[in-house]
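Asks: Residue numbering for the sequence shown follows the UniProt record's numbering, beginning at 1 and increasing consecutively.
Virtual Cβ for every residue (Gly too), placed ideally from N, Cα, C.
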Amino acid sequence: MQICLNLAGLFNIFSQSCRPVDLEHCCTALESTTLREKVLYPATAAYYSSVESYFAVNARLTPTCIVQPETADDVALAVSTLTAPNRIQKCQFAIRSGGHTSWAGAANIEQGVTIDLSHLNSTTFHPENYTVSILPGARWGSVYKTLHPLGVMVTGGRASPVGAGGITLGGGNSFFASRYGLVCDSVVNFEVVLANGEIVNANNETNADLFKALKGGSNNFGIVTKIDFAAFEHTGVWGGVILHDISTTSQQIPAFVNFTDHVVDDPYASLITSWDYSSTRGKSVISNILVHTKPIERASSFDEVLAIPSLSSTMRLTNMHDLTEELHLPPEMRGRFLTLTFKNDPRLIQKALDLRDSSIKIAKAKARSSEWLFTAFFQPLPKLFSQHSVAKGGNVIGLDRFDENLLLFLVAIGWKDTVDDSLFDSLGKATIEQLDAYAKELGADNEWIYLNYADVSQNPLRSYGEENLAEIRRVAEKYDPEHVFQYQVPGGFKVGRT
Numbered sequence: 001m002q003i004c005l006n007l008a009g010l011f012n013i014f015s016q017s018c019r020p021v022d023l024e025h026c027c028t029a030l031e032s033t034t035l036r037e038k039v040l041y042p043a044t045a046a047y048y049s050s051v052e053s054y055f056a057v058n059a060r061l062t063p064t065c066i067v068q069p070e071t072a073d074d075v076a077l078a079v080s081t082l083t084a085p086n087r088i089q090k091c092q093f094a095i096r097s098g099g100h101t102s103w104a105g106a107a108n109i110e111q112g113v114t115i116d117l118s119h120l121n122s123t124t125f126h127p128e129n130y131t132v133s134i135l136p137g138a139r140w141g142s143v144y145k146t147l148h149p150l151g152v153m154v155t156g157g158r159a160s161p162v163g164a165g166g167i168t169l170g171g172g173n174s175f176f177a178s179r180y181g182l183v184c185d186s187v188v189n190f191e192v193v194l195a196n197g198e199i200v201n202a203n204n205e206t207n208a209d210l211f212k213a214l215k216g217g218s219n220n221f222g223i224v225t226k227i228d229f230a231a232f233e234h235t236g237v238w239g240g241v242i243l244h245d246i247s248t249t250s251q252q253i254p255a256f257v258n259f260t261d262h263v264v265d266d267p268y269a270s271l272i273t274s275w276d277y278s279s280t281r282g283k284s285v286i287s288n289i290l291v292h293t294k295p296i297e298r299a300s301s302f303d304e305v306l307a308i309p310s311l312s313s314t315m316r317l318t319n320m321h322d323l324t325e326e327l328h329l330p331p332e333m334r335g336r337f338l339t340l341t342f343k344n345d346p347r348l349i350q351k352a353l354d355l356r357d358s359s360i361k362i363a364k365a366k367a368r369s370s371e372w373l374f375t376a377f378f379q380p381l382p383k384l385f386s387q388h389s390v391a392k393g394g395n396v397i398g399l400d401r402f403d404e405n406l407l408l409f410l411v412a413i414g415w416k417d418t419v420d421d422s423l424f425d426s427l428g429k430a431t432i433e434q435l436d437a438y439a440k441e442l443g444a445d446n447e448w449i450y451l452n453y454a455d456v457s458q459n460p461l462r463s464y465g466e467e468n469l470a471e472i473r474r475v476a477e478k479y480d481p482e483h484v485f486q487y488q489v490p491g492g493f494k495v496g497r498t
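1. Measuring only the C-alpha atoms, how far is Ser102 from Arg336?
2. Leaving out the 5 sequence neighbours to the left and right, which residues in its chain are closer than 8 Å to Ile286 when beta-carbon positions are compared?
3. Can you list, in chain order, the residues of its chain with a C-beta nearer than 7 Å to that of Gln92? Leave out the 5 residues immediately preceding and following it.
4. Val224 and Leu169 - do their beta-carbons sit closer together than 8 Å?
5. Taking the CB atoms as reference points, tell me whether Cys184 and Gly171 lie closer together than 8 Å.
6. Just verifying my parser: in three-state terms, what is the DSSP assignment at Asn344?
7. Please classify Leu399: does DSSP put it in a helix, a strand, or coil?
8. Using DSSP with H/G/I as helix, E/B as strand and the rest coil, what is Lys226?
9. Within 10 angstroms of the Cβ of Pro460, are there 16 or more other Cβ atoms? Answer buried if so, exposed if not.
10. When you compare only the Cα positions, how much space is there between Ser80 and Ala470?
11. Report the rounded CA-to-CA distance for His234 versus Tyr438, giving the unit in angstroms.
12. Starting from Ile66 and walking both ways along the beta strand (DSSP E), at which residues does that stretch end?
13. Is the beta carbon of Gly141 less than 8 Å from the beta carbon of Glu325?
14. Using 8 Å for Cβ pairs, my map puts Asp421 next to Arg368. What's the rounded Cβ distance?
15. Does the Cβ-Cβ distance between Leu194 and Gly222 come in under 8 Å?
16. What's the C-alpha gap between Leu381 and Ser278?
17. What are the uninterrupted segments assigned as beta strand (DSSP E) that are 3 or more residues long and contained completely in the segment 293-336, given in chain order?
18. Compare the beta carbon distance of Leu61 and Ser218 with 8 Å and say whether it is the shorter of the two.
19. Work out the CA separation of Lys283 and Gln412 for me, nearest whole Å.
20. Applying the criterion that 16 or more other CB atoms from any shown protein chain within 10 Å of the CB defines a buried residue, is Ile362 buried or exposed?
21. Do the segment 340-354 and the segment 255-266 make contact, defined as three or more Cβ pairs closer than 8 Å?
22. Would you call the segment 68-76 and the segment 111-125 touching, i.e. three or more CB-CB distances under 8 Å?
23. Would DSSP call Ser457 helix, strand or coil?
24. On the criterion of 16 or more Cβ atoms from any shown chain inside 10 Å, does Gly428 qualify as buried, or is it exposed?
25. Assign Asn446 to one of three DSSP states: helix, strand, or coil.
26. Leaving out five residues before and five after Ile296 in sequence, what residues of the same chain have Cβ atoms less than 7 Å from its Cβ?
27. On a CA-only basis, which of Ala43, Gly492, Lys478, Val484 is nearest Asp209? Give me that one, please.
28. Near Asn204, what residues of its chain come up, given a Cβ to Cβ distance below 7 Å and the 5 sequence neighbours on each side ignored?
29. Please work out which residues of its chain come closer than 6 Å, Cβ to Cβ, to Val21, disregarding the five sequence neighbours upstream and downstream, and give them in chain order.
30. List the endpoints of the continuous alpha helix (DSSP H) containing Ile272.
31. Return helix, strand or coil for His126, following the three-state DSSP convention.
32. Within the continuous beta strand (DSSP E) that includes Val193, where are the two ends?
33. Determine the DSSP secondary structure at Arg60, reduced to helix, strand or coil.
34. Using the beta-carbon count (16 or more within 10 Å), is Pro330 buried or exposed?
35. What's the gap between the Cα of Thr45 and the Cα of Val67?
36. In three-state DSSP terms, what is Ala208?
Structure representation (structure tokens):
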């Protein structure tokens, strides 16, 4: 496969022989339908444009072909074609919304078919019922660009390149979560293509069990082709990034813990704190992302953070499109995300930073990449989030089991060269394992794993609790009795593999 791709790239030719013989029938079957002009093969510009648009370089696999549907009917035709019972060999396929997951195979496939939803990307406001229809391939930056001039907003993602589909099905954190719950909690209807090609709606009245299961249950049931969100009035935000010297760590930790315990006092306020190391910079800095969605400049809820000496600041009155353009990790790097949740305890933040420092020391001695990054992110996960979820009918994520404020921890690692894959993989896993062990020693651990940050080595669906896991299994069996989305779609976190 790779030899064929390289030759095709060198000579700018395409040969049928470059397609794996055992999977050629899957792409040929798609070509025999009205999708013919939407099927892409290697050595075409459109194919490589799709592959190269994945966030993490290591997630840029090379499927046998890519199909880019433009409507829900196109998606239904693709699914029914790939799952046709008379296939000599089962067609494996992947589903891609924004392609922002860092591990390979989550939303792409090697030697199979990728259903790339990037052409389903519109955002439509419906003033008659105050909802917004967002197609799964839309990026949050474009969503906000559409909605801001209308004076309305939805509970959405925090970085412009992230796709609407994946983040919603994984729960979704948001700058609006303290007011409205997670991203999935503001959904009022999903349009879904099932494994048999049928297009159905899922909401509180129709297919209500599927509706709830999709709110955190990921791609275990079908392909979501439209998401209708409840909208609300919105004029702008006060937000940006403040950089601090690493010497302010002793002030940052209590400020973050206190902010988390008082989110309920100002649900318009959000804070993300990270300790960032870049090999090109050669040192660490602390970043505070502050956002107030009212908007109010320098709201009193930020007083403790704003009192810490800073190096620079981009804080300003702005809009969600502009803000989320600023808040995303550097592209064109190999990447690894790993996550953990624990009680709002300053000792755990300090331990996480000590482990981060140890990993950086090892990487300095062993890494061969021309550039690498190692960041520890901390985000409040207050009980207020799940209280909104329950009030809106609930989801399957299971955060409502916990009656205390928690912290969401993310290790985000980026590097340039494949030679360092095993090094950074081991450093990331060791950080999580040792921090989890320390949290257990303190009695401050928590089993919940945020699916959208989870590594392939983690098990977020299991962390939802047995009752929710059983419901996800039941709903998957009901709507996908042939287990298409368990086995023919191997990517993502599968309830059949928990």
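Replies: The structure says:
1. 6 Å
2. Leu243, His244, Asp245, Ile246, Thr248, Thr249, Gln252, Thr273, Ser274, Trp275, Asp276
3. Ile109, Gly112, Gln488, Pro490
4. yes
5. yes
6. coil
7. helix
8. strand
9. buried
10. 27 Å
11. 42 Å
12. 65-67
13. yes
14. Going by Cβ atoms, the distance from Asp421 to Arg368 rounds to 11 Å, so no, they are not a contact pair.
15. yes
16. 27 Å
17. 316-318
18. no
19. One detail in the question is off: residue 412 reads as Ala in this sequence, not Gln. Near 16 Å, if we compare the C-alpha coordinates of Lys283 and Ala412.
20. exposed
21. yes
22. yes
23. coil
24. buried
25. strand
26. Trp238
27. Lys478
28. Phe211, Gly393
29. With a pLDDT of 42 at Val21, under the threshold of 50, the modelled position of that residue is not reliable, and no figure is offered here.
30. Per DSSP, Ile272 belongs to no alpha helix (DSSP H); it is in the beta strand (DSSP E), 269-278.
31. strand
32. 187-193
33. coil
34. exposed
35. With the sequence shown as reference, residue 45 is identified as Ala, and Thr is not the correct amino acid for it. Rounded to the nearest angstrom, the two C-alpha atoms are 14 Å apart.
36. helix
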